[in-house]
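*Asks:* The listed protein sequences derive, respectively, from chains G and R. Sequential numbering from 1 applies to the first sequence in our numbering. Sequential numbering from 1 applies to the second sequence in our numbering. Ideal placement from N, C-alpha and C gives every residue a C-beta, glycine not left out. This one's a predicted model, so the numbers in the text were calculated from it and none came from an experiment.
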Amino acid sequence: MITHKKALPNKFWLHWQLPIEGGMELSTLFSKFKTVRAPSNTRSEIGRFASRSFRRHWQLYLLVIPPVLYFIIFKYLPMANAVLAFKNYNVVKGIWGSPWVGTQYFEMFFRNPAFATLIKNTLYISFYQLIVGFPIPILLALALNEVKSARFKKTVQMVTYAPYFISTVVMVSIIMLFLSPRLGIVNTIAGALGFEAVNYLGEPGMFRTIYVLSDVWQTMGYSAVIYLAALAGVDPSLYEAAKVDGANRFQKILNVDLPGILPAAVIILILSVGNIMALGFEKMYLLQNPLNLSTSEIISTYVYKIGLLNANYSFATAVGLFNSLINLVLLLVVNAIAKRASNTSLW
Amino acid sequence: MNALRSSSGSRRSVRIKESLGDRIFLTVTYILLTLVLIAVLYPLIYIVSSSLSSPSAVSAGKVWLWPVDVSFAGYEAVFRNGQVLTGYANSLFYTVAGTFISVSLTIMVAYPLSKKSFFGRTPLMVFITFTMLFSGGLIPTYLVVKSMGMIDTRWALLIPNAVWVWQVIIARTFFQTSIPDELSEAADIDGCSDIRYIFSVVLPLAKPIIAVLSLMYAVGQWNAYFDALIYLKSQSLYPLQLILRSILILGSGTGNMDAGEMVKQQQMAELMKYSLIVVASLPVLVIYPFVQRYFVQGMLIGSVKG
Chain G
1 MITHKKALPN KFWLHWQLPI EGGMELSTLF SKFKTVRAPS NTRSEIGRFA SRSFRRHWQL
61 YLLVIPPVLY FIIFKYLPMA NAVLAFKNYN VVKGIWGSPW VGTQYFEMFF RNPAFATLIK
121 NTLYISFYQL IVGFPIPILL ALALNEVKSA RFKKTVQMVT YAPYFISTVV MVSIIMLFLS
181 PRLGIVNTIA GALGFEAVNY LGEPGMFRTI YVLSDVWQTM GYSAVIYLAA LAGVDPSLYE
241 AAKVDGANRF QKILNVDLPG ILPAAVIILI LSVGNIMALG FEKMYLLQNP LNLSTSEIIS
301 TYVYKIGLLN ANYSFATAVG LFNSLINLVL LLVVNAIAKR ASNTSLW
Chain R
1 MNALRSSSGS RRSVRIKESL GDRIFLTVTY ILLTLVLIAV LYPLIYIVSS SLSSPSAVSA
61 GKVWLWPVDV SFAGYEAVFR NGQVLTGYAN SLFYTVAGTF ISVSLTIMVA YPLSKKSFFG
121 RTPLMVFITF TMLFSGGLIP TYLVVKSMGM IDTRWALLIP NAVWVWQVII ARTFFQTSIP
181 DELSEAADID GCSDIRYIFS VVLPLAKPII AVLSLMYAVG QWNAYFDALI YLKSQSLYPL
241 QLILRSILIL GSGTGNMDAG EMVKQQQMAE LMKYSLIVVA SLPVLVIYPF VQRYFVQGML
301 IGSVKG
């Protein structure tokens, strides 16, 4: 940012001497050119900071009203609405007028035969995705970092980054077209090699692999960017030191590169673990078909079907709330572990 | 052998030439990256080639890499389809209007959050980031949108998901790190109001971050289908993605072909899928090489802890 220099008059701090409106109190004037300090702990100081801030920046407070309203209405109101899980929803009486039923819907969910399958599918696919999807972008970044030809590096980066921009609907239809038992290119190639045609999306056992690998295909280039940036930020003297110590390329990666990207990796790992139960509804729902439902039904798709398609609002809210809570707990636990183990954490 | 070399190499440690082990390692890296390149690129080429081939060549599985019997029949069918055109127009509207609303709201909250002299910025930040960790869930959100009277209106796609917390963090970090405090102090002393300062100083300096936010919101809005799926009922309001879903995934909606020629119709439907994929992804993929650096920039600002 060099451009702002032009906007500044020389010795701009002298400008307080210039325009002073009549009748301005000394304290207000003082606050005009004194940077407001972050308040210390005494009450009166916080109060003074607050009132000064309100007086000086009332326009900023007006400015944040619409976004704050947005968050209240579309994020916090739904949280309050989640009491629906403890009520027997009645359209006429509304959320707050409907009678309380306690934890009836939660018990219903835990006793539901679908419960075990849902939890199992959600966790299974999440961990599968974590184990495969987490290291691959790191490996890609490490490999790209070794490449000397800038052109080759740029090509690989641009091409692997591109699928990220394909929409979920298109991504799913690509998967379906490629794996189609009749015309799909995968079966055409397998057929040419003498294999029988397989309806891949109809095989419950293959669903998870299809889901995870297509995800890797779509996002590895995008996810590698963070690690590449972290690698670019590694102190060059470390590489020289490694060279002097006689490290080969592999040892250099192990002892210089990997420690360099560790903080970024830990943050990304925490975030992905925190999202374990929030597995992507969109792709999952679109890839589902009656044949693969035994492995593809997860909590979020179940909530959608029970809640919106069957209009069983209270039950679906209870399931969704359970999901959100587990998510939050997982995030907090992993964050705490990461803080202890590697001194890296979200907050 | 490699270990031997490196241990005996301590005497000539400032050697520039790579050891044999390193050269093998590098060669393997190049081979692997080339394989990755092919694995990512091949499906994309295959789709484009199929979309440019004749209906019969696609159905017969003759397309491997390059187009066979080049024809634009698929594209003609796509552009003759009224649903697709409506969807395209709707998506354009949602993308432009939604991006404008989203970017405005994001900056309106991110800029005050970046100012040290803004009382209550920490509680406000907690208030916003908490929504990232916990949410009321699908049904309670749906009921709120319903009570706002937004069901089956265009607003349902523009407002309920307008602000992404991650974008707020990115924008706030940008304001904090790229616009010096002294500037606003100087403006303050000159008697410049906050609003005027934002319009005449902050926004011109914030062009890079506005580009980043706009692009990310625009791509998100162009690709979104879930909100439309749950909030919209009238087909005339459907964005492209929802039309795509009905044609590509549910396999319906390609109504305007001659019913008499079953085989031809089926071949055509198959070909049309490839053309449709290309047509739907083209706007984003075409601008992508030009805007890639902004995306990278955005991700990097976002990854700075602040």
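Taking only beta-carbon atoms, is residue 79 of chain G less than 9 Å away from chain B?
*Replies:* The displayed structure is made up of protein chains G and R, and chain B is not among them.
*Asks:* Rounding to the nearest angstrom, what Cα-Cα distance links residue 172 of chain R and residue 91 of chain G in this structure?
*Replies:* Here residue 172 of chain R is taken as the residue at index 172 of the second sequence, counted from 1. Here residue 91 of chain G is taken as the residue at index 91 of the first sequence, counted from 1. Rounded to whole angstroms, the separation of the alpha carbons of residue 91 of chain G and residue 172 of chain R is 41 Å.
*Asks:* Can you tell which of G:105, G:137, G:139 has the C-alpha that lies nearest to the C-alpha of residue 307 of chain G?
*Replies:* For this step, residue 307 of chain G is matched to residue 307 along the first sequence. Among G:105, G:137, G:139, the Cα nearest to that of residue 307 of chain G belongs to G:105.
*Asks:* List, in chain order, every chain G residue whose beta-carbon is nearer than 7 Å to that of residue 270 of chain R.
*Replies:* Looking up residue 270 of chain R in the second sequence gives position 270. In chain order: 183.
*Asks:* With H, G and I counted as helix, E and B as strand and the rest as coil, what does DSSP make of residue 166 of chain R?
*Replies:* As a first step, residue 166 of chain R is located in the second sequence; it is residue number 166 there, counting from the start. It is helical.
*Asks:* Among all the DSSP beta bridges, which residues are the ones paired with residue 222 of chain R?
*Replies:* To locate residue 222 of chain R, count along the second sequence from 1; it is residue 222. The partner list for residue 222 of chain R (beta bridge, DSSP) is empty, contrary to what the question assumes.
*Asks:* Residue 280 of chain R: which of R:294, R:266, R:297, R:245 sits nearest, CA to CA?
*Replies:* Here residue 280 of chain R refers to the residue found at position 280 of the second sequence. Considering only alpha carbons, the answer is R:245.
*Asks:* At a cut-off of 8 Å, would you count residue 318 of chain G as near the ligand GTP, judging by its Cβ distance to the nearest heavy atom?
*Replies:* The ligand content of the structure shown is nil, which means the ligand GTP is not present either.
*Asks:* Mind checking which residues open and close the alpha helix (DSSP H) that includes residue 66 of chain G?
*Replies:* Here the question's residue 66 of chain G lines up with position 66 in the first sequence. First-last of the alpha helix (DSSP H) with residue 66 of chain G: 58–71.
*Asks:* Enumerated in chain order, which unbroken segments of the alpha helix (DSSP H) with a length of 4 residues or greater are wholly contained in the stretch 89–153 of chain R?
*Replies:* 121–133, 138–147
*Asks:* Nearest-angstrom Cα distance between residue 122 of chain R and residue 182 of chain G?
*Replies:* Counting from one through the second sequence, the residue named residue 122 of chain R turns up at place 122. Counting from one through the first sequence, the residue named residue 182 of chain G turns up at place 182. Residue 122 of chain R and residue 182 of chain G: Cα-Cα distance of roughly 58 Å.
*Asks:* Using C-beta distances below 6 Å, list every residue in its chain close to residue 212 of chain G, excluding the 5 sequence neighbours before and after it, in chain order.
*Replies:* Numbered from its first residue, the first sequence carries residue 212 of chain G at position 212. Closer than 6 Å at the Cβ level, and outside the excluded window around residue 212 of chain G, lie 128, 129, 132.
*Asks:* Which complete alpha helix (DSSP H) runs does the stretch 38–70 of chain R hold, if anything under 4 residues is left out?
*Replies:* 55–59
*Asks:* At the level of alpha carbons, what is the spacing between residue 138 of chain R and residue 23 of chain R?
*Replies:* Along the second sequence, read from residue 1 onward, the residue named residue 138 of chain R stands at position 138. Along the second sequence, read from residue 1 onward, the residue named residue 23 of chain R stands at position 23. Distance between the alpha carbons of residue 138 of chain R and residue 23 of chain R is about 54 Å.
*Asks:* Using 10 angstroms around the beta-carbon of residue 53 of chain R, count the other beta-carbons present and answer buried if the total reaches 16, otherwise exposed.
*Replies:* The residue labelled residue 53 of chain R in the question sits at position 53 within the second sequence. Its Cβ being crowded by 16 or more others within 10 Å, residue 53 of chain R is buried.
*Asks:* Can you give the Cα-Cα distance for residue 268 of chain G and residue 222 of chain G, rounded to whole angstroms?
*Replies:* The residue given as residue 268 of chain G occupies position 268 in the first sequence. The residue given as residue 222 of chain G occupies position 222 in the first sequence. If I take the Cα positions, the gap works out to 13 Å.
*Asks:* Can you name the start and end residues of the alpha helix (DSSP H) that residue 263 of chain G belongs to?
*Replies:* Here residue 263 of chain G refers to the residue found at position 263 of the first sequence. 258–274 is the span of the alpha helix (DSSP H), which, as asked, contains residue 263 of chain G.
*Asks:* Leaving out five residues before and five after residue 185 of chain G in sequence, what residues of the same chain have Cβ atoms less than 6 Å from its Cβ?
*Replies:* Residue numbering aside, residue 185 of chain G sits at position 185 when the first sequence is read from its first letter. Excluding residues within five positions, the ones whose Cβ falls inside 6 Å are 178.
*Asks:* If you drop the 5 nearest sequence neighbours on each side, which residues of the same chain put their C-beta closer than 8 Å to that of residue 257 of chain G?
*Replies:* Indexing the first sequence from 1 puts residue 257 of chain G at position 257. Excluding sequence neighbours, residue 257 of chain G sits near 142, 145, 231, 234.
*Asks:* For the stretch 72–98 of chain R, list every residue whose C-beta sits within 9 Å of some C-beta in chain G, in sequence order.
*Replies:* none
*Asks:* Which partner residues does residue 100 of chain G have in the DSSP bridge list?
*Replies:* For the purposes of this step, residue 100 of chain G is taken as residue 100 along the first sequence, with counting starting at 1. Its beta-bridge partners are G:87.
*Asks:* Are the stretch 67–84 of chain G and the stretch 125–137 of chain R touching by the rule of at least three beta carbon pairs closer than 8 Å?
*Replies:* yes
*Asks:* Count the other C-beta atoms from every protein chain shown that fall within 10 angstroms of the C-beta of residue 340 of chain G, then say buried if there are 16 or more, exposed otherwise.
*Replies:* For the purposes of this step, residue 340 of chain G is identified with residue 340 of the first sequence, where counting begins at 1. The residue in question, residue 340 of chain G, is exposed, as its Cβ has fewer than 16 Cβ neighbours within 10 Å.
*Asks:* Measuring only between beta-carbons, confirm whether residue 129 of chain G sits less than 9 Å from chain R.
*Replies:* One-based indexing of the first sequence puts residue 129 of chain G at position 129. So, not an interface residue.
*Asks:* Mind pulling the chain R residues with CB within less than 8 Å of residue 107 of chain G?
*Replies:* Within the first sequence, the letter at position 107 stands for residue 107 of chain G. Within chain R, no residue comes near residue 107 of chain G; the closest Cβ sits about 18 Å away, beyond 8 Å.
*Asks:* Residues in its own chain within less than 7 Å of residue 84 of chain G by CB, not counting five upstream and five downstream?
*Replies:* Counting from 1 along the first sequence, the entry for residue 84 of chain G is found at position 84. Excluding sequence neighbours, residue 84 of chain G sits near 95, 313, 314, 317.
*Asks:* Taking Cβ positions only, does residue 137 of chain R come closer than 9 Å to chain G?
*Replies:* Residue 137 of chain R sits at position 137 when you count from the first residue of the second sequence. Taking Cβ atoms only, chain G reaches closer than 9 Å to residue 137 of chain R, which makes this a yes.
*Asks:* Under three-state DSSP, which class holds residue 203 of chain G?
*Replies:* The residue you call residue 203 of chain G lines up with position 203 of the first sequence. Coil, per DSSP.
*Asks:* Would you kindly report the start and end of the unbroken alpha helix (DSSP H) that includes residue 113 of chain G?
*Replies:* In the first sequence, counting from the first residue as 1, residue 113 of chain G sits at position 113. Neither: residue 113 of chain G is in no alpha helix (DSSP H) and is coded neither H nor E.
*Asks:* Can you list the residues of chain G that residue 245 of chain R reaches, using a CB-CB cut of under 9 Å?
*Replies:* For the purposes of this step, residue 245 of chain R is taken as residue 245 along the second sequence, with counting starting at 1. Correct list: 169, 172, 173, 286.
*Asks:* Would a check of beta-carbon distances place residue 209 of chain G closer than 9 Å to chain R?
*Replies:* As a position in the first sequence, residue 209 of chain G is number 209, starting the count at 1. With 9 Å as the cut-off, residue 209 of chain G does not count as an interface residue toward chain R.
*Asks:* Pull up the distance between the alpha-carbon of residue 56 of chain G and that of residue 107 of chain R, whole angstroms please.
*Replies:* The residue you call residue 56 of chain G lines up with position 56 of the first sequence. The residue you call residue 107 of chain R lines up with position 107 of the second sequence. Near 19 Å, if we compare the C-alpha coordinates of residue 107 of chain R and residue 56 of chain G.
*Asks:* Flag residue 135 of chain G as yes if its beta-carbon sits less than 9 Å from any beta-carbon of chain R, otherwise no.
*Replies:* Mapped onto the first sequence, residue 135 of chain G falls at position 135. No, because no Cβ of chain R sits closer than 9 Å to the Cβ of residue 135 of chain G.
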